Every structure is written in C-alpha cells, then in structure tokens.
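Report on one structure; see the data block that follows.
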Amino acid sequence: MAVTVEFFRRIAAAAAAETLPRFRQSGDVANKIESGFDPVTEADREAEKAIRALIRAEYPDHGILGEEFGAENASNEHVWIIDPIDGTRSFISGIPLWGTLVGLTKGGDAIAGMMAQPFTGELFYAIDGKAWWEGPHRGKADRQRLTTRKTTSLADATLCTTTPALFQGDRKVAYERVEKAVRLPRYGTDCYAYAMLAAGNIDLVVEVGLQSYDVAALIPIVEAAGGVMTEWNGGPAEEGGGIVAAATPELHAAAMEMLHAGRTDPSG
C-alpha cells in the first residue's frame with residue numbers, strides 16, 4: 261500500500277489535536293536525563309500515541325520506531341519513524357519552531373516523510389520523489405513544489421544549527437570554521453531549518469548528536485527538493501549522528517571540505 265498525502269494530512273491533524281491545545285499552556289514538563297535537560301511533555305506522549313494508532317490501523321505489517329515509546333516490529337522491511345514534537349525546547353518556550361516528524365523507511369532507507377507545524381498551519385512532505393508545501397499564507401497557492409536554491413558557495417550561504425553549544429572538541433572547531441565562512445548563521449531552528457532549506461530560504465544545516473527520529477522524516481523532503489543530506493562522514497543520514505544538509509551538491513562538498521580540513525580520518 262503506497263503512502264498518500266491524505267494519510268500524512270490525517271497524521272498531522274491527529275498530532276495537532278494533541279499538541280496545539282497544550283501549546284503556550286502551563287503543562288507538565290519532565291526531564292528524561294540526569295546529566296542535562298532533555299524535556300518531554302504530555303503533548304509529546306499523547307501525539308505519538310495518536311500517530312501510532314493511525315499507522316497500526318493503516319499499515320498493520322509495518323514496524324514503528326518512536327522517540328517516546330520505542331520500537332515495535334522494527335525488523336520489518338517498512339518502518340515508520342516518529343518524533344511527535346521535534347523541538348520540545350521551543351514548544352515549552354512558546355516558540356513555533358517545532359514540528360511533528362513522521363518518516364517511512366524501506367530496508368533502512370528513508371523514502372517518504374512529513375514535517376507538520378500546526379500553529380502556522382504548514383505541512384512539508386515528500387512522496388514519490390517530489391517534495392511539497394501546504395499552508396494558508398496569503399499570496400501563495402495552497403500547495404507548492406519545494407525546490408532548494410542553487411547556492412554553491414559558503415560565502416553566499418545562510419547556515420542554521422540548533423545551537424553551537426552542542427558542538428564539542430574537534431567538532432566545535434570544525435563547525436566554527438564553517439560558520440565563519442558563511443554569510444549568515446542562525447540558531448534554534450530544529451526541524452524547521454530543514455524545511456526552510458527544502459523551501460529555498462536557507463542553504464545549509466550542520467548539526468551533531470541527532471537520532472534517527474530527528475532526521476528520517478526530513479531526508480526525503482530535502483533530497484526530493486534537490487538538496488543533499490548526509491552524516492559528517494559522507495554516509496547515509498538515516499541513523500542520525502552528525503548531519504550536513506545542503507541546498508546543492510557543490511555546497512555540500514564545500515561544507516564537508518571545511519569540516520574535515522586538515523583531517524586524515526573524515527569520520528572523526
């Protein structure tokens with residue numbers, strides 16, 4: 261059974277029914293780790309439950325991997341990967357730079373995905389090798405194809421990352437080289453950065469420490485729009501880790517060269 265945009269819309273609506281009523285409200289926030297702050301909210305958990313129920317009903321032979329409730333049938337050929345609220349820190353701060361991520365993998369490769377931002381009424385998705393945006397903004401059609409812009413030089417690029425504080429050691433040094441080379445860096449954008457890259461508004465995203473549920477939905481959107489998205493070592497991005505997403509192959513190559521300048525082992 262093929263994935264349809266109608267199914268993505270249903271997922272987005274089900275998740276929004278759990279997240280929007282709790283956004284900018286004084287809900288409970290729990291911390292998932294002792295060594296820092298990794299927040300989770302009731303909205304995260306309830307949205308993932310709603311998404312899982314839809315997937316089980318529509319695709320009973322598929323596996324599911326979610327940030328809040330783990331894996332079920334994850335060895336199946338098709339696996340749905342869920343982040344009910346990517347950007348929980350933005351969510352609990354009342355900032356609409358969070359989104360619901362749902363991606364589909366086949367044999368480990370991300371083949372379809374969506375990012376929904378219900379507060380702005382936007383849906384970004386990729387199906388069958390094409391990426392689309394839907395939204396209510398005036399002056400635009402209700403549905404548009406996504407296309408990255410054709411930036412090839414770091415000097416002309418706008419770069420996004422969640423926060424430079426996440427980079428440590430050699431990777432901090434490497435990231436700072438890239439940031440100094442670009443025209444404009446911006447922070448705190450989480451999944452919205454990848455959507456803006458696919459939409460042709462920014463050019464480059466560099467991050468570290470991501471999980472599969474942070475990226476699986478976004479890979480098809482970026483790639484179907486014409487971009488390139490890999491791990492820092494140049495390999496597939498599906499498992500997360502350090503991520504480099506760029507508007508063009510040329511810009512991706514320039515960022516990778518800058519990140520690994522002076523290194524003999526590009527996996528470091």
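Residue numbering for the sequence shown follows the working numbering, starting at 261 and increasing by one per position. Glycine included, every Cβ here is placed at the ideal spot set by N, Cα and C. Here the structure is a predicted model, which means the values were calculated and not measured.
DSSP places glycine 326 in the strand class (E or B) of the three-state scheme. Burial state of glycine 368 is exposed, judged by a 10 Å Cβ sphere holding fewer than 16 other Cβ atoms.
Rounded to the nearest whole angstrom, the CA to CA distance from leucine 414 to cysteine 420 is 13 Å. When rounded, the separation of the alpha-carbon atoms in alanine 505 and tyrosine 473 is 16 Å.
Here the alpha carbons of cysteine 451 and valine 265 stand approximately 20 Å from one another. Residue range 382-387 is occupied by the beta strand (DSSP E) that includes glutamate 382, with no alpha helix (DSSP H) assigned at that position. With fewer than 16 other beta carbons inside 10 angstroms of its own, alanine 331 counts as exposed. The closest CA to that of leucine 464, considering only Thr508, Lys309, Pro480 and Arg437, is found on Thr508. In the three-state scheme derived from DSSP, where H, G and I count as helix and E and B as strand, aspartate 369 is classed as strand.
Annotated three-state conformation of threonine 348 is helix, per DSSP.
In the pairwise beta carbon analysis, the stretch 382-393 is classified as touching the stretch 454-470: at least three pairs are separated by under 8 Å. Comparing C-alpha distances from alanine 303 to each of Leu314, Ala277 and Ala372 shows the shortest one belongs to Ala277. Spatial neighbours of lysine 366 in its own chain (CB-CB distance under 7 Å, excluding positions within 5 residues in sequence) are listed in chain order as Glu337 and His338.
Secondary structure at glutamate 332: strand, using DSSP grouped into helix, strand and coil. Between leucine 280 and proline 378, the gap from beta carbon to beta carbon is short of 8 Å. The residue from His520, Met518, Leu470 and Gly486 with its alpha-carbon nearest to that of alanine 497 is Leu470.
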